[in-house]
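Structure first, then comments.
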Amino acid sequence: MMREIGMDRVNETRKQMLETVESTVLTHEQKVATMANLADSLLEVIDLPDGLDELLNQPIDRQCICDLSEGHAPLRPRYIVPDYQKFMREGSKFLQLDPPQDLYEAVNSLLIFYKHVPSVTNYPVYVGALDELLDPYVQDMDEAQAEKIIRLFLIHMDRTILDSFSHANIGPKATKAGSIILRVIGQMQDAVPNLSMKYDEEQTSDEFLRECVVTALHSAKPSFANHKMFVSELNEDYVIASCYNGLKYGGGSYTLSRLILGNIAKRATDTADFLNNQLPYVCQVMADYMDARIRFEVEESGFFENNFLAKEGFIHRDKFTAMFGMVGMAEAVDILMEKSGKSLRYGHDKEADDLAVQIMDKITAFNQNHTNPYCEATGGHFLLHAQVGIASDVNVTPGTRIPIGEEPEELIDHLRHCERFHKYFPSGTGDIFPIDATVHRNPEYVMDIIKGAMKEEIRYLSFYGSDSDVIRITGYLVKKSEIEKLEHGENVKHDTTALGLGAKHNGHILERKIR
Amino acid sequence: MTRNLREDKDRVPVNRILPFSSVDGPGNRTVVFLQGCGFDCKYCHNPETRNLCISCGDCVGKCPAHALHMVEGKVTFDPLVCCKCDTCIKTCTYGASPRIRWMNAQEVCSEVIKQKPFVRGVTISGGECTTYPDFLTHLLMLCREEGLGTLLDSNGSLLFENYPELLTVTDGVMLDIKAWDAREHQNVTGIDNGSVLKNMIYLAERNKLYEVRTVVVPELFNCEQTVRETARMLRPFLSRSQIRYKLICYRPMGVREAYSHYNIPSGELMQHLADAAHEEGMQDIIII
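Chains as they are written, first to last, in the working numbering: chain X, -1 to 513; chain C, 84 to 371.
Structure below.
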């Protein structure tokens, strides 16, 4: 049922559409995507829960629930994780492609396929376990030739997938293709694709880990994912997609909304009111909202009946789940401490961090009690997600991170803090550490930290060289030189550069403590 | 309190425990800096670690955080209040620091193991760590029991041959070769280098020499001679153990004002010295 809207809203949207058409900064693709989102914003088809408007449609200093620009009538799931292995094995009828026979055909097929994988950004958020996908084709091939093809493949991706929420995976085992990919990425400094290596001390050799660390210090990727931890929660068929999201292979996530905990804390009279009244109330409204979105996607949008990805079995509806996100733990704890008359700070004082753990336990318990009929893949529950923030966030720290500028003096204390919170988020969390250039001479320093972290329930870590052009903003990569271009009013190809610019000014991401 | 701890013979003055370091041996390591050193190197980058505080009290009134107090004639230090501004160190005319904790091996070890499993080992530095050989032996034994690697950063003044138990619990030593010529060594450090060179061979023979390092200050000593002779002397041992030569570029940061005028060696000179070490057979050479 489509609800009526007023002409004033129509006219306001028409004005924004014309501004989009006439923009001097947006590229053509960015204009088309913005136009589509504006058109979508006029639809009113989802059964919105009571109380949502007051929590959702507010300025950033009061907003308690944020739906991350998913639109009013979702025509596809937010994140889609196709079974690329099946595609390589069987080809696709819809795309008129036979299974590839050599490396030329393999990269050609993948590049075609990527253009047909929708997402909230209109670009694929997962581009496959590239080492496993390509390894069979590089075995009997001249290595220099293979390297050249893979280089062109990666350049093609960076220049046509215009959004760095596009994620490739490698590991946990070393492969010939994996080494070539790392070598090529180490020679380039491109933002796309994002890259995670799955680390498992029993499967990953030191040599492979070292290659990954050296590449990361030069090119800000890969990041390092705790394979054992993800497998224990999602089984072997998981992937890392978008920023750092753990999702099921052949599935994805219908939707992602986020709690803005700091603003929920502002509503509370004290800690008890927050934990017992405000937080459960907002969690319930957000879960109801997500349920309604999922119902529309599954029962009304027709996506799962009609899209070739579903029809040909590259995705399965019952491998999808949804991500229950949160941001602003630091602000919430600091506000609640202040309301208790205590000057204790998140990330520095045990009592403050203990409260954060209590909040996480509360959110976890809520999620365990809430069920959705279409999240069978994850036991009927959503997966918790520490969201990395968006460009327009002001005074909202991503997930459970310690705010930039307030990082503990010693890295060990920072890691011990991560340890307390990463376990709550099977669909992703992560911390980022710029590393001083002198460490380039001692990659084993970073290797030791990664190995230790993976033993201590730290889920996901990213490093980049403090003098690198390509850097990790919050979960995605952006080139500092491209941010500068955009600041000077030039067009830039990746839409994530604009997010990086916002994060530079609102999120102070260039001021992280260097380790 | 402080005085009592000081009188406990098992305790040594600890200047600092650095949880993570990427430059004090392989991988990530915790570094323990002990206070006190028998050398008086002109280019010393942390001259406040040379001597023990004599409680003259000069620094107490100048501390902006009021972390220092005179109690029963002794300077005491409150680490919780300290703002790490280094005013006390800049004030001290005696090459000491009031920010010392008197700790025994067990206490140091329990601070070191907080970094497990993020570090692969511990490096004991200074000052000069071998000023306290019995403490060292005990500490490294405890760290080994915890599965941590053990390295010493030493100026080579203590003859290791007299401390076999210490060497048993030490994986390796990073040894400073501050000058080859004895008179030049005397000029740089105030002490001759007889025991340093004796230690170098003694350690290399036992596969306990992890690294030699030279701070390059061309105005103070013959750098090329030092690098060449050191490398030449180590050549026979390279076939059975890898020994790294670390060439450290002099920088004035932290150096006492009277000695902070030396020229910073050029990149070309550093490379020339690395090439010289290579010509003499060294394979693993790094410049920092």
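Idealized CB from N, CA, C, for every residue including glycine. Just so we're clear, the structure is a prediction, and the values are computed from it rather than from any experiment.
N-terminal and C-terminal residue of the beta strand (DSSP E) that residue i is part of
i: C/Arg327; result: Arg327 to Cys332
i: C/His152; result: Leu151 to Val154
i: X/Gly463; result: Tyr458 to Gly463
i: X/Pro432; result: Asp429 to Ile433
i: X/Asp411; result: Segment Leu409 to Phe419 is the alpha helix (DSSP H) holding X/Asp411; no beta strand (DSSP E) there.
i: C/Asp367; result: Asp367 to Ile370
Bridge-paired residues (DSSP) for residue i
i: X/Asn243; result: X/Ala239
i: C/Thr233; result: C/Val205
i: C/Met257; result: C/Asp236 and C/Glu294
i: X/Arg470; result: X/Leu475
i: X/His383; result: X/Gly323
i: X/Arg256; result: X/Cys64 and X/Gly323
i: C/Leu249; result: Its beta-bridge partners do not exist; DSSP assigns none.
i: C/Thr113; result: C/Val205
i: X/Met195; result: X/Ile168 and X/Phe222
i: C/Phe243; result: Bridge partners of C/Phe243: none, in fact.
Under 7 Å by beta carbon: chain C residues contacting residue i
i: X/Gly450; result: Pro200 and Phe201
i: X/Tyr443; result: Ser105, Gly110 and Asn111
i: X/Asn224; result: In chain order: nothing, as chain C lies at least about 13 Å away.
Residue-chain proximity (residue i, chain X), Cβ-Cβ < 9 Å
i: C/Pro162; result: no
i: C/Ile368; result: no
i: C/Pro374; result: Summary: the structure shown does not reach residue 374 of chain C, with chain C confined to residues 84 through 371, and so no result is reported for it.
i: C/Lys197; result: yes
i: C/Cys146; result: no
Cutoff 9 Å: residue i Cβ touching any chain C Cβ
i: X/Ile410; result: yes
i: X/Asp446; result: yes
i: X/Pro513; result: One detail in the question is off: residue 513 of chain X reads as Arg in this sequence, not Pro. At least one chain C Cβ lies under 9 Å of X/Arg513.
i: X/Asp429; result: no
i: X/Asp434; result: yes
Sequence-distant residues of the same chain with beta carbon closer than 8 Å to residue i, five excluded per side
i: X/Ser39; result: Thr11, Gly69 and His70
i: X/Val19; result: Lys29 and Met33
i: X/Gly487; result: Thr22 and Val23
i: X/Ser479; result: Asp467
i: C/Val279; result: Asn238, Gly239, Ser240, Leu258, Asp259, Ile260, Lys261 and His268
i: X/Leu46; result: Tyr287 and Ala290
Partner residues on chain X for residue i, Cβ-Cβ distance less than 7 Å
i: C/Pro348; result: The premise fails here: C/Pro348 is roughly 17 Å from chain X at the closest Cβ pair, so nothing lies under 7 Å.
The alpha helix (DSSP H) enclosing residue i, as first and last residue numbers
i: X/Met15; result: Met5 to Glu20
i: C/Val106; result: Run containing C/Val106: none; DSSP gives neither H nor E here.
i: X/Phe85; result: Tyr82 to Glu88
i: X/Pro441; result: Pro441 to Lys453
i: X/Lys113; result: Here X/Lys113 belongs to no alpha helix (DSSP H), and DSSP marks it neither H nor E.
i: C/Ser193; result: Ala188 to Val195
i: X/Pro134; result: Leu128 to Val136
i: C/Thr313; result: Cys306 to Leu317
i: C/Lys157; result: Unbroken run through C/Lys157 is the beta strand (DSSP E), Lys157 to Phe160; no alpha helix (DSSP H).
Sequence-distant residues of its chain with Cβ nearer than 6 Å to residue i (five each side left out)
i: X/Cys62; result: Leu53, Ile258, Asn261, Ile262 and Val280
i: X/Ile456; result: Cys416, Glu417 and His420
i: C/Phe103; result: Asn111
i: X/Leu342; result: Met335, Glu349 and Ala350
i: C/Trp263; result: Gln308, Thr309 and Glu312
Interface residues of chain X facing residue i [CB-CB closer than 9 Å]
i: C/Pro79; result: Outside the shown range of chain C, which is 84 to 371, sits residue 79 of chain C, and nothing can be said about it.
Contacts of residue i in chain C (Cβ-Cβ under 9 Å)
i: X/Arg439; result: Ser105, Val106, Ile369 and Ile371
i: X/Glu454; result: Pro200 and Phe201
Neighbourhood of residue i by C-beta distance below 7 Å, restricted to the same chain and skipping five residues each side
i: X/Pro97; result: Met86, Arg87, Glu88 and Gly89
i: X/Lys91; result: Glu310
i: C/Pro348; result: Val299, Pro301, Cys332 and Tyr333
i: X/Glu199; result: Lys449 and Met452
i: C/Tyr342; result: Lys125 and Tyr126
i: C/Cys212; result: Leu117, Leu219, Leu235, Asp236 and Ser237
i: X/Gly500; result: Ala389 and Ser390
i: C/Pro200; result: none
i: X/Gln276; result: Ile262, Arg265 and Ala266
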